Structure formats: structure tokens, C-alpha cells
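Residue numbers (this note's numbering): 2 to 443.
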């Protein structure tokens with residue numbers, strides 16, 4: 002059942018000061034009353050101290066409970082939040098007591114799913130909840146909060162409303178050609194659809210950095226052996242993550258580490274030096290390095306200060322998005338003719354490197370800031386591409402040889418693509434707009 006009482010631990014298990022258990026659904030208050038001594042449901046949003054006990058009366062813990070009557074709760078249902086002491090035993094016993102009292106274990110994401118079904122969140126906002134929980138960098142968290150607040154939802158709702166209005170215009174032309182106002186000019190409908198298509202294009206323009214935002218941009222530290230790659234990795238991370246020696250070829254396998262540059266998520270990959278080895282193990286390491294180069298969002302090409310670039314290094318810069326990093330700047334104080342000079346020993350140039358790299362891989366997001374909504378998932382991108390293609394086909398049908406019925410069908414397909422993100426629109430809604438806008442029911 003979609004409204005039966007469910008219960009689950011809402012905080013991470015393990016040793017902690019407090020743990021929070023959530024209970025939601027029909028008869029949630031009755032279930033809570035079997036576990037919470039002196040339970041009252043007439044004090045919404047008021048934390049009350051009480052003893053929690055198993056249905057057989059065995060005390061479990063003393064803690065706080067808060068009541069959220071429907072519909073003013075996260076799920077839109079009657080909900081109770083119970084706060085007990087943390088650790089392994091007390092939360093597990095409290096949860097077991099709630100299950101014994103009539104609640105079933107909640108499925109993954111079921112509280113948020115019920116929030117969507119009860120109209121508390123749309124699907125885009127629900128995805129933002131998961132993104133915020135999974136965020137590891139400040140930029141990811143900011144994007145999730147903006148989406149949770151409805152930034153992207155409002156933009157998609159505006160697009161959807163515009164499509165429904167266009168469909169209403171087409172329906173008027175198809176179904177009511179004898180009205181006094183006459184048929185709606187196809188050019189007017191085409192202008193409205195072109196405007197929607199352009200707004201979709203602007204949203205899709207934010208898509209290339211979607212994967213980089215979710216997973217972290219892949220920055221590959223590459224260069225010849227002993228170019229200071231591992232030292233640079235350690236300096237950027239602030240910890241000794243990679244083994245550093247004066248012996249060329251120390252790094253034979255790729256080392257990955259997650260961090261952020263100016264709040265933007267990145268994955269740093271320290272690769273084996275690029276050269277032509279004779280040993281099989283060394284060749285395998287170089288092969289892995291080249292595969293990372295091919296997948297990189299940005300290559301940090303390390304070349305020691307004072308050494309001219311070789312043809313192999315210039316080829317990398319021509320072939321892949323790259324930043325030239327002049328390493329070992331503490332040994333060569335004079336500025337390099339090209340590239341950014343850094344020192345893993347003194348830290349010189351590292352902040353500038355972080356800024357330059359972030360601007361290269363997240364430039365579109367940085368320029369937009371929080372002013373414009375951006376796509377945050379592949380599902381959004383696929384749905385908007387479908388909508389854009391359907392609108393193109395609709396516009397083709399608005400020409401002199403087109404059919405208004407087919408144009409309406411394609412507009413409907415575009416609307417359905419947005420429905421996957423926000424909800425459903427039905428024929429009654431379209432007809433409601435027709436009657437309201439054109440007085441068809443006179």
C-alpha cells in the first residue's frame with residue numbers, strides 16, 4: 002500500500018550522540034502511541050520528552066518525539082519523528098518496536114516518493130534531495146539547494162505552460178473553425194513554439210557540465226617521468242597521497258583522488274610518466290596513462306621549468322583540453338615564457354592553478370552562478386532533447402502544406418516529455434484553457 006505506516010532510521014547508523022527515526026502513513030499516530038508513553042498528537046511541531054518502550058512495556062530509551070499532522074509534513078501524511086540516543090542498540094530497538102507496533106520497514110527513498118505522490122515535491126525536487134545528500138563539494142550542494150527550492154522546476158513549469166497554451170491554440174483551430182474570431186494564424190503559434198524551443202536550447206546548453214558536476218571533473222596530471230606529477234598531486238591535496246622519489250618512473254599505476262577546486266568537484270588522476278618503455282610492466286602503466294588522457298576533461302601537463310616542450314608534449318596540448326603547468330618553480334625563480342609556474346615545495350602558483358582549472362571545466366556554471374537554473378541529470382537532458390525534437394516536427398507541420406492535427410500531436414509529445422520531469426497534463430487541462438481563453442462555451 003502507498004499509505005500504510007512505514008518506519009526507518011533517518012540518520013546514519015553507528016556511534017553518535019543522537020539518532021532520528023521517522024514514522025509516516027495512515028495510522029502513524031496509532032503506531033506511535035503503542036511505543037511512546039503518553040503520546041499526544043494535538044501538539045504539532047512541538048518536541049516532547051517521553052519514554053520509548055516496546056509493545057510489551059520493556060523501556061527502550063528516553064527521547065523526544067515531534068508530531069507532523071497531514072498534510073503539513075514532509076510526506077504529506079501523518080508523520081512522527083522520534084529522536085533517541087545514538088549507537089547500535091537504542092535506534093535498532095526503537096525501530097523494531099515500531100515495526101512490532103504495526104509499521105513496516107520503509108523501502109529506499111519511500112518517504113520522498115510519498116512526498117512526490119502527495120504533491121509536496123515534484124520529481125526534479127525529489128532528485129535534488131538525493132543530490133544534496135550525495136554532495137561532496139560546495140558547488141554540488143549549492144546546485145542541489147537551488148533545484149530543491151524550485152529553480153529548475155519553475156523554468157520547466159513555464160515551458161510546460163507555454164506548450165499547453167500552444168496546444169490550446171491549435172485545438173481552437175482544429176475543433177472550432179466556425180467561431181467569430183476566425184482560426185488562429187499558424188504564424189502566431191509558430192512564434193510561440195519557436196520561443197519555447199529557444200528556451201529549451203538554453204537549458205540544454207548547461208548539459209555538458211552535468212556529468213562533471215555529479216561525478217567530479219576528471220583532471221589528469223600527465224607528463225614525462227620525473228616531471229613533478231606526484232608532487233603536484235600531493236600539494237593540491239595537502240596530503241602525501243602519492244609516493245615521490247628522485248627516481249624516474251616511480252609511479253607505474255594511476256592514482257585517483259577526489260577534492261574540490263574553489264568549491265567545484267574534481268577528480269585528480271596522477272598518471273605514470275609518458276615515455277617509450279622497454280619493460281612490459283612499464284608499458285602497461287603508460288597504456289593506462291594514455292587511456293586516462295583520452296577520457297580527461299582537462300589535462301594538467303607537467304613540464305619542468307627551464308625545459309623546452311618536446312613534440313610529444315605539444316601534441317598532447319593540441320589534441321586534448323590542457324593547461325601547461327611549469328613545475329619545480331622553486332628551482333627556477335624566473336617566470337616561464339609559457340604556462341603557469343608552480344612549486345609543490347613552496348605552494349607558489351597552486352591557487353592560480355586551481356582557479357584556472359575550475360574556470361576551464363566549469364566555466365558555463367561559474368558564469369551562470371545562481372541566476373539561471375541548470376540541468377543536473379541525464380534524465381533531464383534526454384527529456385528536453387525529446388521535447389525539442391517534437392517541437393521541430395510540430396513547426397514543420399505549421400507550414401503551408403502542414404496539418405494542424407499533426408502539429409498538435411507533436412506539441413502533445415513535447416508536453417509529455419516535460420511531464421516525465423514534473424507531472425501530467427491531461428486533455429481536460431487543455432480544454433480548460435481553450436474555454437477560458439476563447440469563450441468557446443458561450
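For every residue, glycine included, the Cβ atom is placed at its ideal position computed from N, Cα and C. Just so we're clear, the structure is a prediction, and the values are computed from it rather than from any experiment.
How is the beta strand (DSSP E) around residue i delimited, first residue to last?
| i | result |
| --- | --- |
| residue 44 | Segment: none, residue 44 is in no beta strand (DSSP E) and carries neither H nor E. |
| residue 14 | Looking at the DSSP string, residue 14 is not in any beta strand (DSSP E), and its letter there is neither H nor E. |
| residue 118 | No beta strand (DSSP E) holds residue 118; the alpha helix (DSSP H) holding it covers 111 to 118. |
| residue 267 | 265 to 271 |
| residue 260 | 256 to 262 |
By the three-class DSSP mapping on this structure, what secondary structure does residue i have?
| i | result |
| --- | --- |
| residue 219 | strand |
| residue 52 | strand |
| residue 231 | helix |
| residue 212 | helix |
| residue 396 | helix |
| residue 225 | coil |
| residue 78 | coil |
| residue 106 | strand |
| residue 288 | helix |
| residue 18 | strand |
| residue 24 | strand |
| residue 275 | coil |
| residue 3 | coil |
| residue 250 | Low per-residue confidence applies at residue 250: pLDDT is 49, beneath 50, and the placement is therefore not dependable enough to give any value. |
Name the two residues that bound the continuous alpha helix (DSSP H) containing residue i.
| i | result |
| --- | --- |
| residue 60 | Segment 60 to 69 is the beta strand (DSSP E) holding residue 60; no alpha helix (DSSP H) there. |
| residue 131 | 124 to 135 |
| residue 416 | 405 to 423 |
| residue 94 | 90 to 101 |
| residue 37 | It is not in any alpha helix (DSSP H) - residue 37 carries neither H nor E in the DSSP assignment. |
Whole-angstrom Cβ separation of residue i and residue j, contact assumed at under 8 Å?
| i | j | result |
| --- | --- | --- |
| residue 61 | residue 21 | That belief does not hold up - the Cβ atoms of residue 61 and residue 21 are roughly 15 Å apart, past 8 Å. |
| residue 37 | residue 53 | 6 Å |
| residue 325 | residue 237 | Residue 325 to residue 237, Cβ: 16 Å. No contact. |
| residue 259 | residue 217 | 6 Å |
| residue 11 | residue 104 | Not confirmed; about 14 Å, so no contact. |
| residue 1 | residue 341 | The chain is shown from 2 up to 443; residue 1 falls before or after that span and cannot be answered. |
| residue 85 | residue 91 | 5 Å |
| residue 412 | residue 171 | 6 Å |
| residue 18 | residue 87 | 6 Å |
| residue 173 | residue 221 | Going by Cβ atoms, the distance from residue 173 to residue 221 rounds to 57 Å, so no, they are not a contact pair. |
| residue 193 | residue 167 | 5 Å |
| residue 138 | residue 15 | Incorrect: roughly 24 Å between the Cβ atoms, too far for contact. |
| residue 5 | residue 377 | Contact flag wrong, Cβ pair sits at about 32 Å. |
Are the C-beta of residue i and some C-beta of chain D separated by less than 9 Å?
| i | result |
| --- | --- |
| residue 272 | Here chain D cannot be found, since the structure has a single protein chain. |
>> Restricting to runs no shorter than 4 residues, where is the alpha helix (DSSP H) found entirely within the stretch 144 to 209?
In response: 152 to 176 and 187 to 205
>> Would you call the stretch 60 to 69 in contact with the stretch 38 to 48, where contact means no fewer than 3 C-beta pairs closer than 8 Å?
In response: yes
> On the three-pair Cβ rule with 8 Å, is the stretch 261 to 272 touching the stretch 382 to 395?
Replying inline: no
> Counting only runs that start and end within the stretch 291 to 378, where is the alpha helix (DSSP H) found for 4 or more residues in a row?
Replying inline: 312 to 320 and 351 to 369
>> Between the stretch 303 to 315 and the stretch 333 to 353, can you find at least three pairs of beta-carbon atoms closer than 8 Å?
In response: yes
>> Check whether the stretch 409 to 425 and the stretch 150 to 167 are in contact - that is, three or more C-beta pairs closer than 8 Å.
In response: yes
>> Does the structure place the stretch 185 to 199 close enough to the stretch 101 to 114 that three or more beta carbon pairs sit under 8 Å?
In response: Cβ pair count under 8 Å is below three, so no.
> Counting Cβ pairs closer than 8 Å, one from the stretch 146 to 156 and one from the stretch 227 to 241, do we hit at least three?
Replying inline: no
>> For the pair the stretch 11 to 30 and the stretch 80 to 96, tell me if three or more CB-CB distances fall below 8 Å.
In response: yes
> Should the stretch 400 to 411 be called in touch with the stretch 137 to 155, which here means at least 3 C-beta pairs below 8 Å?
Replying inline: no
>> Taking contact to mean 3 or more Cβ pairs, one atom from each stretch, closer than 8 Å, check whether the stretch 384 to 397 and the stretch 196 to 204 are in contact.
In response: Yes, the stretch 384 to 397 is in contact with the stretch 196 to 204.
> Between the stretch 356 to 363 and the stretch 286 to 300, do three or more beta carbon pairs fall short of 8 Å?
Replying inline: yes
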